[in-house]
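Undergrad:
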Amino acid sequence: MKLTRPVDPSPRTRPAARVLRCGGRSVRWRGRSLVVGLGATALAVVLGVLAIGGGDYPMSPADVLRTLTGGGSPAEDFIVGELRLPRLVTALAVGAALALSGAILQSLVRNPLGSPDVLGVTQGAATGALIVVVAGGGTLLLSGAALLGGLATGLLLWAVVGRHGLHGYRLVLVGIGTTAILTGVNGWLLTRAPLMDAARAVLWLTGSLDGRGGAQAVPLLGLLALLTPVVVGTARALSLIELGDDTATALGVPVSLVRQLLLGAAVLLAAGAAAAAGPVSFVALVAPHLARRLTRAPGPNLAAAAGTGAVLLLAADLAAQRAIDGHQLPVGVVTGLIGGAYLVWLLAARRRAARI
Amino acid sequence: MTQESRLGGVGLTLAYDRRVVARDLSVAVPDRSFTVVIGPNACGKSTLLRALARTLRPAAGTVLLDGRDIHSLRSREVARTLGLLPQSSVAPEGITVADLVARGRYPHQGLLRQWSTEDERVVTGSMAATGVGELADRPVDELSGGQRQRVWIAMALAQQTSLLLLDEPTTYLDVAHQIEVLDLCARLHEEQGRTLVAVLHDLHHAARYATHLIAMRDGRVVAQGDPREVVTAALVEEVFGLPCRIVEDPETGTPLVVPRARRGRQSGPVTAG
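Sequence lines, in order, name chains A and B.
Mapping of the first sequence onto this note's numbering: position 234 corresponds to residue 235, and the numbering continues sequentially without gaps.
Mapping of the second sequence onto this note's numbering: position 45 corresponds to residue 1468, and the numbering continues sequentially without gaps.
1. Taking 7 Å as the CB-CB cut-off, is A:A304 touching chain B?
2. Run through DSSP, which three-state label would A:V20 get?
3. Which two residues bound the contiguous beta strand (DSSP E) that contains B:Y1529?
4. Taking the DSSP output, what are the residues bridged to B:M1668?
5. Under three-state DSSP, which class holds B:L1588?
6. Identify, in the order they occur along the chain, each residue of the same chain with its Cβ nearer than 8 Å to the Cβ of A:G214, setting aside the five sequence neighbours on each side.
7. Using a C-beta to C-beta distance shorter than 7 Å, which residues of chain A count as neighbours of B:Q1537?
8. On the three-state DSSP scale, how would you describe B:G1432?
9. By the three-class DSSP mapping on this structure, what secondary structure does B:R1491 have?
10. Expressed to the nearest angstrom, what Euclidean distance is found between the alpha-carbon atoms of A:A350 and A:L295?
11. Can a CB atom of chain B be found closer than 7 Å to the CB of A:P301?
12. Using a Cβ-Cβ cut-off of less than 7 Å, list which residues of the segment 1612-1627 of chain B approach chain A; keep chain order.
13. Could you tell me if B:L1488 is buried or exposed, where buried requires 16 or more neighbouring beta carbons within 10 angstroms of its beta carbon?
14. Can you grab the Cα-Cα spacing for the pair A:T192 / A:V186, in whole Å?
15. Would you please verify whether the beta carbon of B:L1507 is less than 7 Å from any beta carbon of chain A?
16. By the three-class DSSP mapping on this structure, what secondary structure does B:Q1537 have?
17. Name the one or two DSSP bridge partners that B:V1460 has.
18. B:V1443 bridges to which residues according to DSSP?
19. Per DSSP, A:H328 is paired with what?
20. What distance in whole Å lies between the Cβ atoms of B:A1577 and B:S1549, which are believed to be in contact at a cut-off of 8 Å?
21. Using a beta-carbon distance below 7 Å, is A:L21 in contact with chain B?
22. Could you tell me whether the Cβ of B:V1513 comes closer than 7 Å to any Cβ of chain A?
23. Expressed to the nearest angstrom, what Euclidean distance is found between the alpha-carbon atoms of A:T250 and B:L1588?
24. May I ask you to verify whether the segment 1597-1605 of chain B touches the segment 1557-1576 of chain B, counting CB pairs closer than 8 Å and requiring at least 3?
25. In angstroms, rounded to a whole number, what distance separates the CA positions of B:V1433 and A:L93?
26. I'd like to check one pair, B:L1437 with B:A1474: are the Cβ atoms closer than 7 Å?
27. Under the rule that 16 or more other beta-carbon atoms within 10 Å means buried, what is A:A63, buried or exposed?
28. How would you write the range of the beta strand (DSSP E) that B:G1506 sits in, first residue to last?
29. Taking only three categories from DSSP, how would you classify A:A298?
30. Could you tell me which of A:V173, A:A153, A:G71 sits nearest to A:V162, measuring between CA atoms?
31. Taking CB distances under 7 Å as the criterion, tell me whether B:D1597 reaches chain A.
32. What residues in the segment 246-261 of chain A have a beta carbon less than 8 Å from any beta carbon of chain B?
33. Got a sec: is the Cβ-Cβ distance from B:I1518 to anything in chain A below 7 Å?
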């Protein structure tokens, strides 16, 4: 029998959800979630201006804003429009896609460790990319192979656990096994690659936004645009699946269908993000946690997670470019450091709260 | 009792993968009854309830809701008629009572109809009916077992279904909370005219609260009907393999099962009180 903590005698007062009604229609939202969303947007703008202003050709925030609104010199237009803005958009899209994927998976498997890294999707993408590296293929082919590798891993998971096993520990355990196997395969592929290619592959495996731009951002944005309606349409059902499959079924959710749709969406998002920037670690795991702490709302918090992920990756990329003078780190190194530290802190905090 | 029935199963074969739990099982839940299903462990009573609630698809046979195959109906449509309190549910970390109960409104909502005044009224009413109104803003994970079970029942009530299935609603509760939950069920049945189907472990509770009793063993219905007629020493021996005598519950007059004492421990004739 579990001991319950002594309860607070005074019920805490908390602003209830707000409702906007118009005729027979009604939309419900929480003030705090709205503030988090607006805050994330504002932070993204500030960080974005800073990111665009930095580099070998520094620009003041005023110059950046002037250029963005169409008043820049041809040189500024080229630097912002062709180089820095596409990279910025890629960072935001990769962060949002990873965080959304992680938030969906954490809800689906009802486990805070559910993320594409843990389930092997990211490693599958890496395997695809490494095969291209060994075969001597180019960047575009590498991205395509990464996407295919991630998708293939998703299909493999689905085939192994079966239609009825797409929940809880079964998926996590099969995912961990898949990750282990693929990590081995990836190591073997690296040893097969010529030295120069192996160095390029290792950089890719860390996750980097170096040289990424429109060619990566556009397909990923397309994927996000395609999947957003699916995710929005099933988000409420997902918050019920969190209560257990039987409860969700009793409430009228076609659980099997929703689970397959969302698993597919999560795999696509993670594979798409990996195809664009390589397997950037920890964002998918950490961003949904952070979003939930910020909004204090129960449930998947998908929009807040996507916003948090986008800002997190942008901030990490900014830090990666500026932290060490004259040295650019791959963004994956920074997210790894931040994410790892956050995870350790989280575990310690939860331990103090006697939750684990 | 009227023999009209809105929910039942015909020729059901119930199985988990290849393990068959029941074969050619037919049951009918009398309309507006408080039906209780009893039977020893692994007799298939929870499996039957799950089939009736469409969380388990029968390998053969049909579950009928208002005369139609329940699996041919839209899931959301069924959810407006038939509610279920499963054996185990998961409360997401940090969710408040009001938020959890509000999720029971899902089958009545849509993407552009997320929170009507009707939703508000029903959720408040459901929390009041189960006595958890005062706890509305408290996180569910801070509540006691009895309080938590009442919150889950409130969520099922907010679904506003005329049929409500409960799978062992008293498990893990101490005796006072068990009675509290069953009294609540009886009130829902009598005052709101809902049809309730519950799987219970305790024979005494079953006999006391049920208006219609279904006794199962090895995936078969052994007996069903008014508990005063169904609960006999012979039936309890047949269903549970338990030698017993039946006395009258001094509070309600319903049958009270008293297991036979171990040989050598009899203390003569049983006296009342």
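Beta carbons: idealized from backbone N, C-alpha and C, even for Gly.
TA: Quick answer:
1. Taking the first residue of the first sequence as position 1, residue 304 of chain A is located at position 303. Taking Cβ atoms only, chain B never reaches closer than 7 Å to A:A304, which makes this a no.
2. To locate residue 20 of chain A, count along the first sequence from 1; it is residue 19. Three-state DSSP puts A:V20 in a strand.
3. Sequence index remark: in the second sequence, residue 1529 of chain B carries index 106 (1-based). Per DSSP, B:Y1529 is not a residue of any beta strand (DSSP E), being assigned neither H nor E.
4. Position 245 of the second sequence, counting from 1, holds the residue named residue 1668 of chain B. The question names Met, yet the displayed sequence has Arg at residue 1668 of chain B. Secondary-structure assignment with DSSP links B:R1668 through a beta bridge to B:V1681.
5. As a working mapping, residue 1588 of chain B is identified with position 165 in the second sequence. If DSSP states are grouped into helix, strand and coil, B:L1588 belongs with the strands.
6. The count along the first sequence starts at 1 and reaches residue 214 of chain A at position 213. Only E83, L84, P87, R88, T91 meet the Cβ criterion.
7. Here the question's residue 1537 of chain B lines up with position 114 in the second sequence. Within 7 Å Cβ-Cβ: S27, V28, R29.
8. Here residue 1432 of chain B refers to the residue found at position 9 when the second sequence is read from its first residue. The DSSP-derived three-state label of B:G1432 is strand.
9. Here residue 1491 of chain B refers to the residue found at position 68 of the second sequence. DSSP places B:R1491 in the strand class (E or B) of the three-state scheme.
10. Taking the first residue of the first sequence as position 1, residue 350 of chain A is located at position 349. Taking the first residue of the first sequence as position 1, residue 295 of chain A is located at position 294. Distance from the CA atom of A:A350 to the CA atom of A:L295, rounded to whole angstroms, is 16 Å.
11. Along the first sequence, one-based indexing puts residue 301 of chain A at 300. So, not an interface residue.
12. Residues: none.
13. Here residue 1488 of chain B refers to the residue found at position 65 when the second sequence is read from its first residue. By the 10 Å Cβ count, B:L1488 comes out buried.
14. Indexing the first sequence from 1 puts residue 192 of chain A at position 191. Indexing the first sequence from 1 puts residue 186 of chain A at position 185. Going by the C-alpha atoms only, they are around 10 Å apart.
15. By one-based count along the second sequence, residue 1507 of chain B stands at place 84. Taking 7 Å as the CB threshold, B:L1507 lines the interface with chain A.
16. For the purposes of this step, residue 1537 of chain B is identified with residue 114 of the second sequence, where counting begins at 1. Coil, per DSSP.
17. The residue given as residue 1460 of chain B occupies position 37 in the second sequence. B:V1460 is bridged to B:V1622, B:I1637.
18. Taking the first residue of the second sequence as 1, we reach residue 1443 of chain B at position 20. DSSP output for B:V1443 lists B:A1438 as bridge partner(s).
19. In the first sequence, the residue the question calls residue 328 of chain A occupies position 327. Partner(s): A:I325.
20. Numbered from its first residue, the second sequence carries residue 1549 of chain B at position 126. Numbered from its first residue, the second sequence carries residue 1577 of chain B at position 154. That pair is a contact at about 4 Å.
21. Indexing the first sequence from 1 puts residue 21 of chain A at position 20. Against chain B, the CB of A:L21 has no partner CB under 7 Å away; the residue lies outside that interface.
22. Walking along the second sequence from the start, residue 1513 of chain B turns up at place 90. Under the Cβ distance rule, B:V1513 counts among the residues neighbouring chain A, one pair being separated by less than 7 Å.
23. Against the first sequence, residue 250 of chain A aligns to sequence position 249. Against the second sequence, residue 1588 of chain B aligns to sequence position 165. Taking the CA atoms as reference points, A:T250 sits about 13 Å from B:L1588.
24. As far as the Cβ criterion goes, the segment 1597-1605 of chain B touches the segment 1557-1576 of chain B, which means the pair count is three or higher.
25. Counted from its first residue, the second sequence places residue 1433 of chain B at position 10. Counted from its first residue, the first sequence places residue 93 of chain A at position 92. Distance from the CA atom of B:V1433 to the CA atom of A:L93, rounded to whole angstroms, is 56 Å.
26. Numbered from its first residue, the second sequence carries residue 1474 of chain B at position 51. Numbered from its first residue, the second sequence carries residue 1437 of chain B at position 14. Yes. Within cutoff.
27. On the first sequence, position 62 is the one that residue 63 of chain A refers to. Exposed: under 16 other Cβ atoms inside 10 Å.
28. Taking the second sequence and counting its residues from 1, one reaches residue 1506 of chain B at position 83. Per DSSP, B:G1506 belongs to the beta strand (DSSP E) from 1505-1508.
29. Residue mapping note: residue 298 of chain A aligns to position 297 of the first sequence, counting from 1. In the three-state reduction of the DSSP assignment, A:A298 falls in the coil class.
30. As a working note, residue 162 of chain A is residue 161 in the first sequence. Nearest of A:V173, A:A153, A:G71 to A:V162, Cα basis: A:V173.
31. Residue mapping note: residue 1597 of chain B aligns to position 174 of the second sequence, counting from 1. Chain A contact via Cβ: absent.
32. So the list reads D246, D247, T248, T250, A251, L252, G253, V254, P255, given in the order they occur along the chain.
33. Residue 1518 of chain B sits at position 95 when you count from the first residue of the second sequence. True, the Cβ-Cβ gap to chain A drops below 7 Å.
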